[in-house]
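Numbering-wise (the UniProt record's numbering), the sequence shown opens with residue 1 and increments by one.
In this text, a Cβ means the ideal position worked out from N, Cα and C, and glycines have one as well.
Since the structure is predicted, the reported quantities are computational estimates derived from the model, not experimental observations.
To keep things clear, I will list the structure first and then write my remarks on it.
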Amino acid sequence: MGAAALWAGMTARCSKLCPDREIFLRSGGQVKFIHISRRAQLAAVGLLSSALVGGIGFGLSVAASSAEIEQERAALAARDKAISSSASQVARYRKSVDQLAQELQERQDFMDDLYRTHFGQDGTAPAGDVVGKVDGGTKGGTSKLDTKISVAPEAAPLLRIDARQRRFAALLTGAVQKRADKAAAAIRSFGLNPDSLARSAARAQNRAMGGPFVPWEGQDVLPGEFEKLAKALSRMEFLEASLLAIPSGKPTATPMMSSSYGYRSDPFNGHAAFHAGLDFPGSMGQPILAAASGKVSFVGQRSGYGNVIEVTHGNGILTRYAHLSGFSARVGQQVARGDAIARMGSTGRSTGPHLHFEVRVNGNAINPRRFLEARKDVLQIQQIATARLADVGDRG
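This is the structure:
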């Protein structure tokens, strides 16, 4: 079917739908009529159709504009969210780096405090003769700080410091263990058990400690190297303190002894008797010296001993000085090795001016000779420990 025929068909249908019409109106006894032609009806229909199509088009245009606006709003919101996410990520990076720096500083303060406490040195690094050369490398071991590198790649320089600190801690631990082993060997040379004395020293320290519990925030950032270092330092401290409590200084300047430890013939009745100490002859009033650092626990008289002064040195060790003519110290006084504490005399069961010197461990008398004849290397270890602890005490 051609276009002309289609148009003719549509025109015929419209003509049938819109025939000429006459509308009659009665008003005031008069009759009027209005003639509406087919053309006028078609024109009206065309206008209405145009208006309807225009309204639909306008509505669709408004809807399309609204959709476009919503899309633009969604795009802006997504862009704002992306910017906010980037800003948050930068803030997290910055916070992570700052936290790493703070934790490393706390750890450095911890290391400095440990070193000053146990070695009495200023500065943040040990002397070369303590741990040798400290380089920036480390072998094995991981720190809780390592996991943060994925969060803050900018923190790589800080993590290198972390590795160097852990390397230092491992080297220092080795040096401390060697020094502690030397102190333990020195204690064994006196016939004593170093582990037993160290445990006793630890118990004594715990009995004199207290205060409220305040958790230390920095403990979570300390790797295993630092825990080992802290334990090694504690062991060294207890062993050296125990070594210093052992009486190895001569109690008087007399170069010879008049009676040894053990069984002997009693000077008064000639019968066999047990002599619990060493006798040092001398002159009346000659200074009597503390054989080790400690606290004066007794000043007075004891049966058979005459005038006596006793000094406790910790770990159950006690020294007794008898037959004295006078005292230079009082009960409760702290004395150091070599301090004058009394004067030589001849009180009690005595045949002449001399010092009766005893060493007792947990109340039992033992031979003092092993303490007074300590090897040179043992005395050097004692001197090192004495200097270290004295320096630490002055700084405290």
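Return the CA-CA distance between Gln-177 and Met-236, expressed in angstroms with no decimal places. Against the sequence shown, residue 177 aligns to sequence position 177. Against the sequence shown, residue 236 aligns to sequence position 236. One C-alpha to the other measures close to 7 Å.
May I ask which residues mark the beginning and end of the beta strand (DSSP E) holding Gly-332? As a first step, residue 332 is located in the sequence shown; it is residue number 332 there, counting from the start. Element bounds for Gly-332: n/a, residue is neither H nor E.
Tell me the rounded alpha-carbon separation between Pro-287 and Leu-278. In the sequence shown, residue 287 corresponds to position 287, counting from 1. In the sequence shown, residue 278 corresponds to position 278, counting from 1. In a straight line, the C-alpha of Pro-287 is about 17 Å away from that of Leu-278.
What's the C-alpha gap between Ile-309 and Glu-106? The count along the sequence shown starts at 1 and reaches residue 309 at position 309. The count along the sequence shown starts at 1 and reaches residue 106 at position 106. Cα to Cα, the separation comes out at about 49 Å.
Measure the CB-CB distance between Asn-307 and Gly-345 and report whether it falls below 8 Å. As a first step, residue 307 must be located in the sequence shown, where it is residue number 307. As a first step, residue 345 must be located in the sequence shown, where it is residue number 345. Yes; because the gap between Cβ atoms is below 8 Å, this pair is in contact.
Limits of the beta strand (DSSP E) - the one that Met-344 falls within: Here residue 344 refers to the residue found at position 344 when the sequence shown is read from its first residue. Met-344 -> beta strand (DSSP E) spans 340-344.
On the DSSP letters alone, give me the boundaries of the beta strand (DSSP E) that Ala-290 sits inside. Taking the sequence shown and counting its residues from 1, one reaches residue 290 at position 290. Looking at the DSSP string, Ala-290 is not in any beta strand (DSSP E), and its letter there is neither H nor E.
Residues near Gly-249 by beta carbon distance below 6 Å, same chain, minus five either side: Taking the first residue of the sequence shown as position 1, residue 249 is located at position 249. Ala-291, Arg-337, Gly-338, listed in sequence order.
Answer with buried or exposed for Ser-71, where buried requires no fewer than 16 other C-beta atoms within 10 angstroms of its C-beta. Position 71 of the sequence shown, counting from 1, holds the residue named residue 71. According to the sequence provided, residue 71 is Gln. The question's Ser does not apply to it. Counting Cβ neighbours within 10 Å, Gln-71 comes out exposed, since fewer than 16 surround it.
Check each candidate in Val-299, Thr-312, Glu-373 and name the one with the smallest Cα separation from Arg-343. Taking the sequence shown and counting its residues from 1, one reaches residue 343 at position 343. For Arg-343, the nearest C-alpha among the options comes from Val-299.
For Glu-373 and Arg-167, I'd like the C-alpha separation in whole angstroms. Here residue 373 corresponds to residue number 373 of the sequence shown, with the count starting at 1. Here residue 167 corresponds to residue number 167 of the sequence shown, with the count starting at 1. Their Cα atoms are separated by approximately 41 Å.
For Asp-129, does the three-state DSSP call read helix, strand or coil? Numbered from its first residue, the sequence shown carries residue 129 at position 129. Bear in mind that the predicted position of Asp-129 carries a pLDDT of just 45, short of 50, making it unreliable; the figure below should be weighed with that in mind. In the structure shown, Asp-129 sits in a helix (DSSP, three-state: H, G or I).
Is Ser-65 helix, strand or coil by DSSP? By 1-based counting over the sequence shown, the position of residue 65 is 65. Note: Ser-65 maps to helix in three-state DSSP.
Helix, strand or coil at Glu-373 [DSSP, three-state]: Numbered from its first residue, the sequence shown carries residue 373 at position 373. Looking at Glu-373 - three-state DSSP - the assignment turns out to be coil, as it is neither helix nor strand.
Residues that Ser-303 bridges to, as DSSP identifies them: Translated into positions along the sequence shown, residue 303 becomes position 303. In DSSP, Ser-303 forms no bridge with anything.
Extent of the continuous alpha helix (DSSP H) run through Arg-235: Taking the first residue of the sequence shown as position 1, residue 235 is located at position 235. That run of the alpha helix (DSSP H) goes 224-244.
Taking 8 Å as the threshold, find out whether the segment 237-247 comes into contact with the segment 188-199 through three or more Cβ pairs. yes
Proximity of Glu-225 and Ala-163 at Cβ, strictly below 8 Å: The residue you call residue 225 lines up with position 225 of the sequence shown. The residue you call residue 163 lines up with position 163 of the sequence shown. Not a contact, by the Cβ cut-off of 8 Å.
Tell me which residues share the same chain as Ala-184 and place their Cβ nearer than 7 Å to its Cβ, disregarding the 5 neighbours each side in the sequence. For the purposes of this step, residue 184 is identified with residue 184 of the sequence shown, where counting begins at 1. Result list for Ala-184: Pro-194, Leu-239, in chain order.
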